[in-house]
Amino acid sequence: MLTNLIFKATVLALSFSFVQAKRKIEREKVVVPAATRVAAPVVPTIQTTINNIVVKLNTSTSVKLDEPVPGVAVTSVGNTVLILARDAATSYSAYSGLNGYGIPYQVVLVPSTGVTLPQLNSSATVGNYGAIVVLSEVSYQTANNGFQSALTAAQWAQLYQYQVTFAVRMVRLDVYPGPAFGTTALGGCCATGVDQLISLTNTSAFPGSGLKTGAGVSTTGLYHYPAKITDKTLAVEVAQFGPTTGFSDISTAAVINTIGGRQQMVWFATFATDWSASSNFLNHAWITWATRGLYAGYRRINLNTQVDDMFLITDIYSPPNTTYAVTTDDLAQHVSWTPKINAKLPAGSSYFIEIGHNGNGNIESAANTTSGETACTTGPIEYDEQIDTPLEFSKALGTGQNLQSQEMVRKSRERDAFAHVSHTFTHEDQNNATYFDVSREISWNTAWLKQVGLSSANRFSSQGIIPPAITGLHNGDALRAWKDNGIIFVVGDNTRPVLMNKQNEHWPLMTTVAANGYDGIQINPRWASNIYYNCPLPDCTVLEWQKTSAGKGNWTDLLAIEKNTNIRHLLGLHHDPFMFHQANMNYVTAPSTVVNGVSIKGSMLQIWVETMVQELVRLIDWPVISLKHDDMALSFLNRMNRDACNPILSYTTNPTAKTITAVTLTCNSNKCDAKIPVTVPAPVTDIQGFVTEQLGSDPLTIWVQMTGSPVTFTLKSENLEVAQDLGLLHVLSPRFFQSLSILSHKILHLPRPPLDNHLNPGFFTMSPSLTPPVGENAAKDDTIISKPRSCISRRSKLFWIILGAALLAIAIGLGVGLGVGLTRNKNSEDNGGSDDTQFFPPSNNTNATLGTFWKPSAGLTWQIVLQSPLGSTAPNVSVYDIDLFDNNATIVDTLHSLNRSVICYFSAGSYEDFRSDSNQFLKSDYANPLKNWPGEYWLNTNSTNVRKIMTARLDVAKAMGCDGVDPDNIDGYDNDSGFTLTPETAIDYLTFLAIESHERGMAIGLKNAGAIVNATVPFLQWEVNEQCVAYNECDSFRPYLDAGKPIFHIEYPDGAGTTAGIAEAKKTQICGDPTAAGFSTVLKMMDLSDWLEAC
């Protein structure tokens, strides 16, 4: 996979023996955060006896009050969450989760002497709060050695009445079980050193949470009270404690009560989100339930791993007097591993590694070779030892001494590397550096990146750097030099509080003259870890952890601490990247590590990621996304800007039907430069042209640009029921069907959509002729990922059988009749599904066959690579199918010189907002999103404007020298496109494309779409099919072969691209399938990289 063409620059730099270099990386200040801290509730527990049970207590139970009167007519409720807490420290465990989503909240501190409640409603029909959260019952110790709430009985009654009147839900965290909750306490738990796991048991009341049931998490350090349900008419269990020492049976941990027309979720445990990963996990249950999955905000996990010091040589901590520099073999392993780790992640995920590079190290390595000594006449930059400074050193403007030779700087121009973000040229510390030195550090690394053609890479961040050793952030001269060289986004270090925003942990810190010496630089938070920068092996980092941070234990213990710490960060929805270094990428000499019971050989970076991923997928079903440096910074900036706009979402309700019918977004002056996310659990009638986003199983998020007026979205007929006596949230929407679709695909063992290997582009040195603005799309707040195209068809008949059975089972189980009118032919949004029930006759349009163009014959060998620019001309096959946007005329010419014909791929049936011509489409040209393909929407292929844009793409293909084109996503008729598309309109569109292609001297083929094979054989030149053997449908495509035209056929068998490889029996089955005899069959990985095995 990593060919000479791909690594031409890299080999020159890295295949040398790495002899002792003149200059090594300066030792960085290593500060590692404490992994956990001792759990200490703000209000200490007391030992007391309740109902003859001795427990440690810091909260109270509830007394029964008179039931509220029935609700009155309500028209509007704001979604701000009211939090009642004893003090600011404990309130964090409630508001931190809401803050992660960006959901507005208001904290009211209730002292022991009591407090006046805020105004709950503005009028009899307008409520101010969409949910209420109470921590520890705001209880305080009483004279008789118990606890009692500081809220009066009248205030509790007021809150209950507000719940009923405005259909608002209440969440009570850290409560002692009692009859008021339909439960009784079983006693306290646990003794020192005893852990009692807590897990979710029933998520049907909050299905949009994406949380997995049965996944136990630790309660160590969390005071909790095992309970038993005594009144099943009052309480429904949603979480339970597992058996442990002293408790042989399971017990109830949380319930949902339906009491007198109101609902509350009650947790018999403390929450401590500042140190407990478990609390951060469970937070999402009550947040989704309390908000009904309808809020101004969004949920996203960003897993960003930045690797510093690439091309430098690192002095190793242990054994001393040794060095390490990453090798090509190390890099190759990380490239091949990236799609494998993506395959373990939930649908919609996209993980990649980001590397920070120092170009001088590359030049130094090249100069140390025989050929390099001649070619690199000037050599690398050298300078004397730097002056050590305190960590937060502030340099007086204009002071310092230049370390770099001005003559050297003017002459040095070298190449050979791959990069995504700059880490400066030599890694010179910038605390005491001069403007001259810093300016050269930035400008020369920029020139080096440009020289090797990597500054045009899809994920190159031109506006950001990783400061060397996170220095220079109090040096006004350095900050000015950065800004003068176009650098405005940098990362800090979360172990240094002075570099973090004091107002909101989800905001970046903006430099000022007073604090930093210069203003206008954005410092983004970044996590450190216990994986030390100067260690290539676990034994080294464990020893340094023990010696410098009082660590106790071995590699397994260190990873356990890393998991608890960083899963807490990730589930807390922190988007801060994680810091690693090039030595941590040592794969070649790394030992195997057992992760979740599986032995894995990998670098410390790989093992760390595997550890996080396996825990994430155990707990959640959310997509995990990586962002490049600049997009990450923009995400932080947009978050801060939209919070400043004070967005508020209000629910419009129908009191008679007891449903939420619409939501209205407002903000300060109803204007906001940053787009504001609105998350909905069900479809809306009109998205009003706003950008939408839905990755994997995530709910739909609408990114709203506020321009002066409130924005209202009306929910479709599947409205949210808000009647408090229903007990559960009911949403009968496409998400319901999608969940069944996912279930049916698992039952049928069908493959999930392919995942992109996002590391590969950094290894390529060729610039595409069309550069899609990946990450620079309309929804700037969140990257919408560029991806290879692979269109997996699915089994419509079996799906509907499963769907019908599931609906019948649900109807029987609930004792209700569900009449569901299913109007769609399929539930699949994937491309390539064929309809076995209807075929259309051959087209009579003779114009589509006119012209002189390439007419391939059946049986040609071929290769398809849709993942980034083509980097290899192996294997030696007759035809290459490559992406139109990611490649250029040079690549096509190279293939032609090797006597290969070239097909250029593009999507003709979908709008992709990451393509360079996406701004040419009208909003009316596209409608519904393609599920699992972020940033992609079905096109109205009847649109004159759409056809005009496709004509322009054909012009580009002709200019590049493509022999033919591969237009994808023609089968909008087989999906919920949002338009009236039929097989007949698809045939008409293909006829148009064929005429235009043939007039330009290019051939054109069909992609999947078995229903229109017969109609298109006369005027198209081939068929590209995916997995017809797997789905037993190859006969549908045989008319092309019967006409002497090739069927370029792909299968994605298990084992493709792995060390074990494809099972021989499986390969024999595919290649020997008689229905595919004569097809040009290739076996590929689902990411459509350059890996290939042919029949």
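Residue numbers (mature numbering (1 follows the signal peptide of the UniProt record, and there is no 0)): -21 to -1, 1 to 1074. Every residue, glycine too, gets a C-beta built ideally from N, C-alpha and C. For clarity, every value in this text was computed on a predicted model and none was experimentally measured.
Nearest neighbour of asparagine 919 by Cα position, chosen from Tyr890, Gly940, Ser676, Pro946, turns out to be Tyr890. Apart from sequence neighbours up to five positions away, the residues of its chain that approach threonine 831 with a beta-carbon distance below 7 Å are Gly980, ordered along the chain. Distance from the CA of serine 329 to the CA of asparagine 503, rounded to the nearest whole angstrom, comes to 21 Å. In this structure, methionine 564 sits away from glutamine 285, with a CB-CB distance that is not shorter than 8 Å. Only exposed fits valine 577, as fewer than 16 other CB atoms lie within 10 angstroms of its CB. Residue state for glutamine 242 is assigned as strand, using DSSP reduced to three classes. Here the stretch 275 to 289 makes contact with the stretch 603 to 610; the two share three or more CB pairs at distances below 8 Å. The beta carbon of aspartate 1069 sits closer than 7 Å to the beta carbons of Met(-21), Val844, Gly850, Ser851 from its chain, once the five residues preceding and following it are set aside; these are given in chain order.
The beta carbons of alanine 184 and tryptophan 246 sit no closer together than 8 Å. Inter-segment contact for the stretch 922 to 936 and the stretch 967 to 987 is present: three or more beta-carbon pairs are separated by less than 8 Å. Taking alanine 67 as the centre and dropping the five residues before and after it, the same chain places the C-beta of Leu88 closer than 7 Å to its C-beta, in chain order. Taken in chain order, the complete alpha helix (DSSP H) segments of 4 or more residues contained in the stretch 256 to 284 are 256 to 270.
Nearest in C-alpha terms to histidine 406, of all of Ala1022, Asp287, Gln667, is Asp287. With fewer than three CB-CB distances shorter than 8 Å, the stretch 466 to 483 does not count as touching the stretch 642 to 658.
Taking a C-beta distance under 8 Å as the contact criterion, proline 1025 and isoleucine 1049 do not qualify as a contact pair. Boundaries of the beta strand (DSSP E) around phenylalanine 220: 214 to 220.
Shown here for histidine 560: same chain residues with a beta carbon closer than 6 Å to its own, the five before and five after excluded, namely Asp287, Asp288, Tyr512 in chain order. Alanine 129 and asparagine 454 have their C-alpha atoms some 50 Å from each other. Annotated as distal: threonine 691 and alanine 653, with beta-carbon spacing of 8 Å or more. Per DSSP, reduced to three states, the secondary structure at aspartate 904 is helical. At the C-beta level, histidine 402 and asparagine 480 stay beyond 8 Å of one another. Only residues of its own chain outside the window of five on either side were considered, and among them Leu863, Arg932 have a CB closer than 6 Å to the CB of phenylalanine 885, listed in chain order. Under the 10 Å beta carbon count, asparagine 898 is surrounded by fewer than 16 other beta carbons and is classified as exposed. When secondary structure is reduced to three states using DSSP, phenylalanine 404 falls in the coil class, being assigned neither helix nor strand. For isoleucine 334, the pairing in a beta bridge is given by DSSP as Val286.
Within the stretch 475 to 540, the complete beta strand (DSSP E) segments at least 3 residues long are 501 to 503, listed from N- to C-terminus. Take the alpha-carbon of aspartate 174 and the one of glutamine 593: they are about 21 Å apart. Counting only residues of its own chain and dropping the five nearest sequence neighbours on each side, serine 922 has a CB closer than 7 Å to the CB of Asp904. Following the DSSP letters along the chain, one finds alanine 322 in no beta strand (DSSP E) but inside the alpha helix (DSSP H) bounded by residues 307 to 323. Following the DSSP letters along the chain, one finds aspartate 609 in no beta strand (DSSP E) but inside the alpha helix (DSSP H) bounded by residues 608 to 623.
In this structure, threonine 180 sits away from alanine 133, with a CB-CB distance that is not shorter than 8 Å.
Closest option to tyrosine 968, judged by alpha-carbon separation, among Glu915, Trp316, Val925, Ser91: Val925. With a threshold of 16 other beta carbon atoms within 10 Å, aspartate 555 meets it and is buried. The alpha-carbon of leucine 176 is positioned some 21 Å away from that of alanine 73. One thing to note: tyrosine 108 has its Cβ within 8 Å of the Cβ of valine 147.
Between the beta-carbon of valine 659 and that of isoleucine 681 there is about 7 Å, and that keeps the pair under the 8 Å contact cut.
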